[in-house]
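These protein sequences, in sequence, are chains A and B. At position 64 of the first sequence (counting the first as 1) the number is 64 in my numbering, and the numbers step up by one without a gap. Positions in the second sequence are counted from 1; adding 1000 to them yields my numbering.
2 protein chains.
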Amino acid sequence: MPHIRVPVTRRERQREATYDEIVAVAAELLDAGADLSLRAVAAKMGLTAPALYRYVANYQELVDLVAFELDKAATAEWAAAAERFPADDPAARLAVGCARFRNWALSKPRQFALVFANPIAAGDTDRRELLTISTSGHFFTDLVWQVWELYQFPFPALDDLDPVVREAVLDPLIPAKSEHIPREDRGLMWIYMRSWSALYGVVTLESTGHCDPRVIESGQLFRATVLDWLGPLGLDGERERLTKILDEELARR
Amino acid sequence: MPHIRVPVTRRERQREATYDEIVAVAAELLDAGADLSLRAVAAKMGLTAPALYRYVANYQELVDLVAFELDKAATAEWAAAAERFPADDPAARLAVGCARFRNWALSKPRQFALVFANPIAAGDTDRRELLTISTSGHFFTDLVWQVWELYQFPFPALDDLDPVVREAVLDPLIPAKSEHIPREDRGLMWIYMRSWSALYGVVTLESTGHCDPRVIESGQLFRATVLDWLGPLGLDGERERLTKILDEELARR
DNA sequence: TCAGTTTCGTTAACACTGTTCACGGTAAAC
DNA sequence: GTTTACCGTGAACAGTGTTAACGAAACTGA
């Protein structure tokens, strides 16, 4: 019986490598302060612009490709940082993850805008599909789930949820490792959505600069927002310890 | 002694009218689903593109101009809607204002992105200046202030604030009608910043579509976020009444 | 009223975008 | 070894923001 991994021909490997080079070059471009453009990427690779159309259907698809990979790479960083705490301490890992997420958003606003502030039209199911498998989404959902396993904070019963929301938590479109969450515990997803909304909110506000720069610098707005969520996540008992961790990470900036 | 109003020459009136036409045409363009472009605006006015440079220094300035005016116009709508409640009922007006803000953001995502998700570089003091006089900012700050006058909810003392934040609330860069707030009550601005951050967060999340469409449709995420802020704003006693108002406005969509 | 100046628009041009098309050469497949 | 599929090219089109040199009309002051 053949292995899971399909026998990769030489051409397929070549093609894969080209994709990697595309996102690498795009990342360099963004880091250099330029904005993403098909032609610039092509030129930096020693190609002409039309050649890129062998790899992406259009500009938007290029954007989505690098957005996905940037998200993946950034999440790997946060996850690695979070691992300075053991796997049986998800609360600490979550605190580190949130702070790292913010630090990343502040230090790379262009990248953040690409991944998280990139408008997705209501009808565009393909692009929404991509959102579903967003790496950062899985990372945070999974941590919230682990926190719940340990601290058993309360969440709404399915019957208490708005019917439309109930549908959404039972068959989630948003990024979530929800398969291993039993049906009757899916109300948990509501807590995830709400806390993610809060986190996303402050970080976007700060990263896009729609805020007093001194307030951003102080980190107090972010800090207060995160601390407000300790209660709902059953982490009141860990308040002191987690606050310290959070402050450590914020100071790292 | 000359009047405050400088004697407007014929030329100045002409120029003013041209500015008005620019934003009007730009608004039409956005409403039609196109995106804002110097050349398109010029063409729609019967001008060539370079002519617009007599009115704006560059593209970004055009964007800022129409963003400012869109914000102004939208705020006027929300304010008018809020006036279905009397001036001595700021809580109801605030509820209406928040809901209208969201409805606007959802029905005109392109405009919302222009005004509220438009990245502002940290060093750009000119563009941040514009933010300071944002009409919507004044609208919401003033309502929070009026709510406080009536309900006297608690806010942090200046001494309890982080030094950097204290500076920021004493000499605010963010949009705020703060002149009439006495120095010792400036801690109130912190409540404003935090509540605005929460409101901005959900609305941006929903408007940019980084969220399950069904959750947006239900309005529950927004609703829950607003309701969470009734307590801190001293409005627990008004919970039932305000929830009803909020639901009415949300159903209007 | 006439000269001088300011303001507002033009055309032409440059350097960029994304995108399509018709055409080769080269590598894999049968 | 022939065929086929893939990957790249150059040319071209329709856009974009932006600068420069220039002209006409409108205001200004003597």
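Using N, Cα and C, we set each Cβ at its ideal position, and we do this for glycine too.
Problem - Contacts around A:S256, its chain only, beta-carbon distance under 7 Å, and the 5 residues preceding and following it disregarded - result: Nothing about residue 256 of chain A can be read from this structure; chain A reaches only from 1 to 253.
Handout entry: Inter-stretch contact (C-beta, 8 Å, three-pair minimum) for the stretch 1209-1221 of chain B and the stretch 235-244 of chain A
Key = Contact between the stretch 1209-1221 of chain B and the stretch 235-244 of chain A is absent, with fewer than three C-beta pairs closer than 8 Å.
Problem - Cβ contact check for the stretch 1005-1019 of chain B and the stretch 229-241 of chain A: 3 or more pairs under 8 Å - result: These segments do not touch.
Exercise for the section: Would you tell me roughly how many angstroms separate the C-alpha atoms of A:F155 and B:A1198, rounded to the nearest one? Expected result: Cα atoms of A:F155 and B:A1198: separation of roughly 21 Å, rounded to the nearest angstrom.
Handout entry: Cutoff 8 Å: A:L38 Cβ touching any chain B Cβ
Key = A:L38 is outside the set of residues whose beta carbon lies under 8 Å from a beta carbon in chain B.
Exercise for the section: Give the single residue among B:W1190, B:G1201, B:I1191 whose Cα lies nearest to the Cα of A:M193. Expected result: With distances taken between CA atoms, A:M193 lies nearest to B:G1201 out of B:W1190, B:G1201, B:I1191.
Practice task
Assign B:D1126 to one of two classes, buried (16 or more other C-beta atoms within 10 Å of its C-beta) or exposed (fewer than that).
Solution key: B:D1126 sits exposed, since fewer than 16 C-beta atoms from the chains shown fall within 10 Å of its C-beta.
Exercise for the section: Figure out for me which residue from B:F1153, B:V1066, B:E1249, B:V1096 has the closest Cα to the Cα of B:D1031. Expected result: Restricting attention to B:F1153, B:V1066, B:E1249, B:V1096, the CA atom closest to the CA of B:D1031 is found in B:V1066.
Problem - Endpoints, alpha helix (DSSP H) assigned at B:F1101 - result: Unbroken alpha helix (DSSP H) run through B:F1101: 1090-1107.
Practice task
Enumerate, from N- to C-terminal direction, the unbroken alpha helix (DSSP H) stretches of 4 or more residues contained entirely within the stretch 153-230 of chain A.
Solution key: Under the rule that a run must span 4 or more residues, the alpha helix (DSSP H) segments found entirely inside the stretch 153-230 of chain A read 163-170, 188-208, 213-218, 220-228.
Practice task
Determine, using beta carbons only, whether B:A1081 and B:S1136 come nearer to each other than 8 Å.
Solution key: One thing to note: B:A1081 has its Cβ no nearer than 8 Å to the Cβ of B:S1136.
Problem - Reduced DSSP secondary structure (H/G/I, E/B, other) of A:H3 - result: With a pLDDT of 37 at A:H3, under the threshold of 50, the modelled position of this residue cannot be trusted; read the value that follows with caution. Of the three classes helix, strand and coil, the one that applies to A:H3 here is coil, per DSSP.
Exercise for the section: Starting from B:A1042, trace the alpha helix (DSSP H) both ways and give me its first and last residue. Expected result: 1038-1044 is the extent of the alpha helix (DSSP H) around B:A1042.
Problem - The alpha helix (DSSP H) enclosing A:T132, as first and last residue numbers - result: Its alpha helix (DSSP H) spans residues 125-132.
Practice task
Taking all protein chains shown into account, decide if A:T225 is buried (16 or more other Cβ within 10 angstroms of its Cβ) or exposed.
Solution key: By the 10 Å Cβ count, A:T225 comes out buried.
Practice task
Compute the beta-carbon to beta-carbon distance between B:E1238 and B:A1091, rounded to the nearest angstrom, for a pair I have assumed lies under 8 Å.
Solution key: Under the criterion of beta carbons closer than 8 Å, B:E1238 and B:A1091 qualify as touching, at roughly 5 Å.
Problem - Where B:L1131 meets chain A, residues with beta-carbon distance less than 8 Å - result: Those within 8 Å of B:L1131 in chain A are H210.
Exercise for the section: Could you list which residues in chain B have their beta carbon closer than 9 Å to that of A:S195, in chain order? Expected result: Those do not exist, as A:S195 stays about 11 Å from chain B at its closest Cβ, beyond 9 Å.
Exercise for the section: Can you pull the chain A residues whose beta carbon is under 7 Å from the beta carbon of B:P1119, in chain order? Expected result: Those are P109, A113, T208, G209, listed as they occur along chain A.
Practice task
Assign A:Q220 to one of two classes, buried (16 or more other C-beta atoms within 10 Å of its C-beta) or exposed (fewer than that).
Solution key: Taking all protein chains shown into account, A:Q220 has 16 or more neighbouring C-beta atoms within 10 Å of its C-beta and is therefore buried.
Problem - CB of A:R223 within 8 Å of CB of A:L188, strictly - result: Contact: no.
Exercise for the section: Measure from the C-beta of B:Y1200 to each C-beta in chain A and report whether the shortest distance is under 8 Å. Expected result: Chain A, which has a Cβ nearer than 8 Å to the Cβ of B:Y1200, makes this yes.
Exercise for the section: Reducing DSSP to helix, strand and coil, say where B:R1083 ends up. Expected result: Residue identity differs from the one stated: residue 1083 of chain B is Glu in this sequence, not Arg. Coil at B:E1083, not helix or strand.
Exercise for the section: State yes or no: is the beta carbon of A:F116 nearer than 8 Å to at least one beta carbon in chain B? Expected result: Answer yes: the Cβ-Cβ gap between A:F116 and chain B drops below 8 Å somewhere.
Exercise for the section: Provide the residue span of the alpha helix (DSSP H) that contains A:R15, from first to last. Expected result: Note, A:R15: alpha helix (DSSP H), 10-31.
Handout entry: Rounded separation between B:L1227 and A:P163 - CA only
Key = Rounded to the nearest whole angstrom, the CA to CA distance from B:L1227 to A:P163 is 19 Å.
Handout entry: Close Cβ partners of A:D142 (< 8 Å) along its chain, the five nearest in sequence each way excluded
Key = Exclusion of the five residues before and after A:D142 leaves K177 as the residues of its chain whose Cβ lies within less than 8 Å of its Cβ.
Handout entry: Rounded separation between A:R100 and A:W78 - CA only
Key = Their Cα atoms are separated by approximately 6 Å.
Exercise for the section: Kindly indicate the opening and closing residues of the alpha helix (DSSP H) around A:M144. Expected result: Before going on, a small fix: residue 144 of chain A reads as Val here, not Met. Note, A:V144: alpha helix (DSSP H), 135-151.
Problem - Distance between A:L205 and B:A1117 (C-alpha atoms, nearest Å) - result: For B:A1117 and A:L205, the distance between alpha carbons rounds to 8 Å.
Practice task
For A:R253, name the three-state secondary structure that DSSP assigns.
Solution key: If DSSP states are grouped into helix, strand and coil, A:R253 belongs with coil.
Practice task
Taking B:V1215 as the query, report the chain A residues whose CB atoms sit under 7 Å from its CB, ordered along the chain.
Solution key: Near B:V1215 (Cβ distances below 7 Å), the residues of chain A are V165, A168, M193.
Problem - Separation of A:V96 from A:W229, as counted between CA atoms - result: In this structure, the alpha-carbon of A:W229 lies about 14 Å from that of A:V96.
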